[in-house]
Structures are given as C-alpha cells and as structure tokens.
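Participant: One structure, pasted below without further comment.
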Amino acid sequence: MEKPLWERDSFFKVMIGDFQTRLRIPPCFHEHLSGEILVKSVLRSRGGRRWAVMLRREGKNLFFGEGWECFVADLAIQLGEFLLFVYDGDLGFDVKIYGITGCEKVDPIASMKVEQEEEMEIREKVPAKTSTALIRAPGRRREILNGRVILGGLKVFSNESALNSARSFKSSRPFFIATYRRSRQEYMTIPASFMRECDLGSMEAIILQDQKGRSWPVRIAHWIGRVAMAKGWAKFRDVNHLKEGDVCVFEFLEADTAIHVHIFRAKQNTAGVLRRAGNKKREQEVLKAERSFRTDAIFASIFLKSRKYNLNIPTRVLKEYDATKLSKTTLRDPSGRSWSVDIKHRVDGRALLSHGWFDFCKANHLQVGDICIFQLNDGIQVMDVHIRRLGLHAITAG
C-alpha cells in the first residue's frame, strides 16, 4: 500500500543559479533512491501532468538533466521559487511549487481541467436549416460555425461586434476562433478537431504570426490527449496587447507551418477608460520622479506588462549621449547586481532595451506600476536603475 504523502521521503530546493538547465539533488537524499531511478525519473505536477527526466551523475553529485528544462519551461518556474519534491519510492516525484509570495502555484495548463469551457471533443451534427449550432454539454459552451470551432466560456463579455466580425471571417484554410480571457494568459487551447486537421499531434512548436507580419515561436504542450499553445504565447499576448473580450482567429498556414492570428478588438468598457485615466495620472508621477529624484537621472519609465520584454529609450537620450550606434549597456540594480542588456535599434530611429531586460525585471520582481529611474554612470554604457515601488519610497542603486 502506498504511503500517504506526508509519510514519504522528500526534499526541497530554492530556484537559484542555473536552475533552468539542471537541478542538483541533495547528496543526503541519494540513500532513499532506488537503483532504477538513478537513470531516469518521472516528475508529476499538482495538476497531474508528467515529465520524463533523465538523471546525470557528475562525480558524487546527482542532477536532474535531460527533460528538466521542459519541466521548468512548461510550469513557468521562476528565480527564487521554492519546490518540494516528494519521492514515491519507485521512479518519480510529486512536485509542489511555491511562488515568491509563499503560496502554492497552480499549474497554468492543468487548470484547464477546472476551467469548464475548455477543450473537449464534442461531435454533433449541425441542423440542416442553419449553418450555426450551439452545442451544450455540462458546464461548457461551444459554437460550431460552418464546421469551425468557436471556443466559448461561462463569462460573458460585451464583445458582440468583435465576435460577429470573427464569425464573418472566411478562408479555405483550417481555422478556429477563441475569445481571450484572463484564464488564457499563459496558454491557448487548440481544439482537437483543428489539431487533427492540421496534423499537429507530433509537433513540439509552431510559429505564430500577427497582422503586422511579426513572428513568435510557441511551444505546443501535449498532455492526456489535450493540446495547447504554451511557452511563447504570453509574449505574443503582451506584444499584441490582448485584452479580455478580444477575439482571435487562428488560421493555419500549411506552407509555412505557422498559424496566422487575426485579432478583432472588443469595444473598451468604462472600466478600461478608468484604467487609462489612472495610467495618465501614473505617468505624471513618472515625470515627477524623473525631475525630483536626482539631477543626473537620464530618464524614468513606468513598468507595464507590455514593457516586460522591451523598453523604449527616449530619443533625446540617444542623441544627447551619442548612443545611436551603441549595441549594449550594463544595468545595475539597487543590490549592486549587473545585467548586460542589448540595445535594439529600429528602422524608424527608435531604440529599445531588449535581450537581458526581461531577466533584470524578473530578478528585481518588477510589478505593474513600479517606476524605474535610470541614472547616468559612465556614459550610457552603464546605468544605475533606482526602483520606486508602487505606493512605496524609492529603492536606490549603488
């Protein structure tokens, strides 16, 4: 009989260092492991998903190796998070993940099991009198329009105009329609019928293209017969500023092995207008912080979700410090840590902090509304970043 969870051997690890590529198992725990697990193991999330992970020896140390990177990526494990590994006495571990808040994290994709409208193959004949049928199952809402799937949900948005525009979309290629909602921030379900029609069952990744021709590689996650766009989807979402109620049409481009995403925006409601008004007030605080913090501050910027991967550098700064051809800079945080960050120059003359900026944000736990003040140190090649937390005093670098 299997032991209860609290009686099984376990160990914990805090995610630091090179945790994204491998993870060391405490040496004192080796005595609990069976012989077979010294070659391979299975990691199970709270939601029931499984990952095959190979174990690798380096001297007297034992590491989770091949397969560990996929586990970290699929569960969006971040620096500083706490993982508890509970050994099943045979081949694997049940893993519980605690975020930097101290609370247990939910597996974003496994949560689809409790998101009642999500993926389940429902086969019904469309009535001959109409090309549209609403298929109802317990707790689910699914619309089939001319043989194409429209993912619905329990929450209703004031997006009838966007939905109607999406419904009128026509193409000879396979496509499906989905309304963006908060529960789809980290993933987007792919209907089983679409997956079969496009032969996506064996694919591990696909390219998403937006209406401006920009492209993002997106990982395809498979589990228990279900499929979703996972790692990479959040970046597509942020860059395209998807809001709740926006409707996306996902059109498969066989020649490019890609999915072209057509976005139909929902009309903004009163809450959205109020949020924008709040942002304007916050932007005024940014200017005030920039002017009053220090005389040698270069510029300040409010942190937003859309600025998680790239941050604009004001044109005046580029010209004033002769940085129009500079390709890298170094950012120093209030703790004295340093990050090398690429400067990406666009054809329209703008420049952005790009590769490396996301790592800086993640390590400093930047939240929406925080203000970053960039201070000149040694030209624009090195900048100290002071952080003014939302509602708090500034954290000073150096």
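Positions 1 to 398 (this note's numbering) are the ones given, in order, by the sequence shown.
Glycine included, C-beta positions come from ideal geometry on N, C-alpha and C.
It should be emphasised that the depicted structure is a prediction, and the values quoted were computed from it without experimental measurement.
Using C-beta distances below 6 Å, list every residue in its chain close to W357, excluding the 5 sequence neighbours before and after it, in chain order.
Facilitator: L311, V341
Participant: Report yes or no: do three or more beta-carbon pairs, one from the region 231-239 and one from the region 201-220, lie closer than 8 Å?
Facilitator: yes
Participant: Identify the residues that DSSP records as bridge partners of W233: which are they?
Facilitator: W233 is not bridged to any residue.
Participant: Over what stretch of residues does the beta strand (DSSP E) that includes F303 continue unbroken?
Facilitator: Segment: none, F303 is in no beta strand (DSSP E) and carries neither H nor E.
Participant: Per DSSP, F169 forms a beta bridge with which residues?
Facilitator: Bridge partners of F169: none, in fact.
Participant: Since L75 is in the alpha helix (DSSP H), which residue starts that stretch and which ends it?
Facilitator: Here L75 belongs to no alpha helix (DSSP H), and DSSP marks it neither H nor E.
Participant: Excluding the five sequence neighbours on either side, which residues of its own chain have a C-beta within less than 6 Å of the C-beta of Y98, listed in chain order?
Facilitator: F82, E104
Participant: Inspect the CB distances between the region 7-25 and the region 58-67 and report whether three or more fall short of 8 Å.
Facilitator: The region 7-25 is in contact with the region 58-67.
Participant: Pick out whichever of L366, E160, R389 has its Cα sitting closest to the Cα of D246.
Facilitator: E160
Participant: For A323, which three-state DSSP category applies?
Facilitator: coil
Participant: List the endpoints of the continuous beta strand (DSSP E) containing C248.
Facilitator: 247-253
Participant: Assuming P174 contacts E197 (C-beta within less than 8 Å), just tell me the rounded distance between them.
Facilitator: 5 Å
Participant: Compute the beta-carbon to beta-carbon distance between I380 and V317, rounded to the nearest angstrom, for a pair I have assumed lies under 8 Å.
Facilitator: At roughly 7 Å, the Cβ-Cβ gap stays under 8 Å, so I380 and V317 are in contact.
Participant: Tell me whether K267 sits in a helix, a strand or coil according to DSSP, three-state version.
Facilitator: coil
Participant: Look at the Cβ atom of M195, then the Cβ atom of V227, and state whether they are nearer than 7 Å.
Facilitator: Note that the C-beta distance between M195 and V227 is below 7 Å.
Participant: In the DSSP assignment, find the alpha helix (DSSP H) that holds D359 and state where it starts and stops.
Facilitator: 357-363
Participant: Is it buried or exposed, D90, if we count other Cβ atoms within 10 angstroms and call 16 or more buried?
Facilitator: exposed
Participant: Give the straight-line distance between the Cα atoms of F71 and A363, rounded to the nearest whole angstrom.
Facilitator: 20 Å
Participant: How would you call D384, buried or exposed, if buried means at least 16 neighbouring beta carbons within 10 angstroms?
Facilitator: buried
Participant: Starting from F12 and walking both ways along the beta strand (DSSP E), at which residues does that stretch end?
Facilitator: 10-14
Participant: Secondary structure at H386, three-state DSSP: helix, strand or coil?
Facilitator: strand
Participant: Here's the rule: buried if 16 or more other CB atoms are within 10 angstroms of the residue's CB, otherwise exposed. What is R346?
Facilitator: exposed
Participant: Would you mind working out which of R337, C361, T257 sits nearest S306, comparing C-alpha positions?
Facilitator: C361
Participant: Excluding the five sequence neighbours on either side, which residues of its own chain have a C-beta within less than 6 Å of the C-beta of V382, listed in chain order?
Facilitator: Once the five neighbours on either side are set aside, the close Cβ partners of V382 are T330.
Participant: R57 to R50, Cα distance in whole Å?
Facilitator: 22 Å
Participant: Below 7 Å between beta carbons: does that hold for R219 and K231?
Facilitator: The Cβ-Cβ distance between R219 and K231 falls below 7 Å.
Participant: Going by C-alpha to C-alpha distance, which of Q367, H222, L326, A351 sits closest to I302?
Facilitator: Q367
Participant: State the start and end residues of the unbroken alpha helix (DSSP H) segment that holds L354.
Facilitator: Checking the displayed sequence, the identity of residue 354 turns out to be Ser instead of Leu. Judged by DSSP secondary structure, S354 falls outside any alpha helix (DSSP H); it is assigned neither H nor E.
Participant: Helix, strand or coil: which one does DSSP assign to D256?
Facilitator: Three-state DSSP puts D256 in a helix.
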